[in-house]
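Chains as they are written, first to last, in my numbering: chain A, 124 to 211; chain B, 6 to 231.
Even for Gly, the Cβ is constructed at its ideal location relative to N, Cα and C.
Bear in mind the structure is a predicted one, so any value in this text is a computation, not a measurement.
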């Protein structure tokens, strides 16, 4: 049941289901911890898809499409009234 | 209809948090840095473009004016990327806010003018009187030249704001008109074609940046180096 590696350093996909609540509680929620998580995520994406010698335009347009979706969610409340329906 | 038209220019806040900070900082994610000699495609393309632009813009200055190269290049990159990102659907363009454009225009113009006054006082003051004016006209001309000097930063900021805002509004209006006319044929094709042409012209928002930095540049050149 208990794993060989200490629980704090396990990745999410390798945590066993019974240990999930204690894993979530052990994560680092301080501001510098959250900033570190953003930095790690950014560099994972960047190093794998953009920082290669012949990176494609697909990955960059994925970032722009995610930006569009983010803005759509942000302005959904005002856009709801512009649908061509009889009852809004 | 009126409220919907201007709703996209409201400063975005989410739960009272200023989301606009994130949106202003987002273009910096698209310009990575690297210390290598040969980089990936994205960085190589950006380096080539930057070299092209800086050579063309900085060649008219002398040594003292070329110390402004970093400032002007980051200015043109920022305004260019912000305007182009604003062309994506539903995005917020920070340069449509007059406050931000004034914040960019006034310090830069003031820096150029004050540098000119400190280093070449006589030459800077001489700008207020063009050569060969008849003597009775001198007082009025000095006043006019002073006004035209002080209107330069306001003109820079308002020019950028008005151009980008007008372009966005036109796209909204014509897009709405196309949707409304969809049920009535034959005019739809014409209007959609006009939208297409308008968007292409609006992608000369990049030309807008060129205009901005170039105008700034001309002012810098005149005040600093003449």
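Around the beta carbon of residue 53 (chain B), fewer than 16 other beta carbons sit within 10 angstroms, so the residue counts as exposed.
Distance from the CA atom of residue 146 (chain B) to the CA atom of residue 117 (chain B), rounded to whole angstroms, is 22 Å. Only exposed fits residue 137 (chain B), as fewer than 16 other CB atoms lie within 10 angstroms of its CB.
Listed in chain order, the non-local C-beta contacts of residue 175 (chain B) below 7 Å within the same chain comprise 203, local neighbours out to five positions each way being set aside.
The alpha carbon of residue 152 (chain B) has as its nearest neighbour, out of B:134, B:140, B:166 and B:139, the alpha carbon of B:134. For the C-beta of residue 95 (chain B), the chain A residues within less than 7 Å are, from N- to C-terminus, 191, 194, 195 and 198. Exposure of residue 108 (chain B) is indicated by the presence of fewer than 16 other C-beta atoms within 10 angstroms of its C-beta. No Cβ of chain B is located within less than 8 Å of the beta carbon of residue 185 (chain A).
Nearest Cα to residue 76 (chain B) within the set B:99, B:112 and B:119: B:112. The C-beta of residue 47 (chain B) comes closer than 8 Å to at least one C-beta of chain A.
Of all residues in the region 28-44 of chain B, the ones placed with a Cβ closer than 9 Å to any Cβ belonging to chain A are 28, 31, 34, 35, 37, 39, 43 and 44, in chain order. Chain A places no beta carbon closer than 8 Å to that of residue 174 (chain B), leaving this residue out of the contacts. The residue from B:73, B:15 and B:56 with its alpha-carbon nearest to that of residue 197 (chain A) is B:15.
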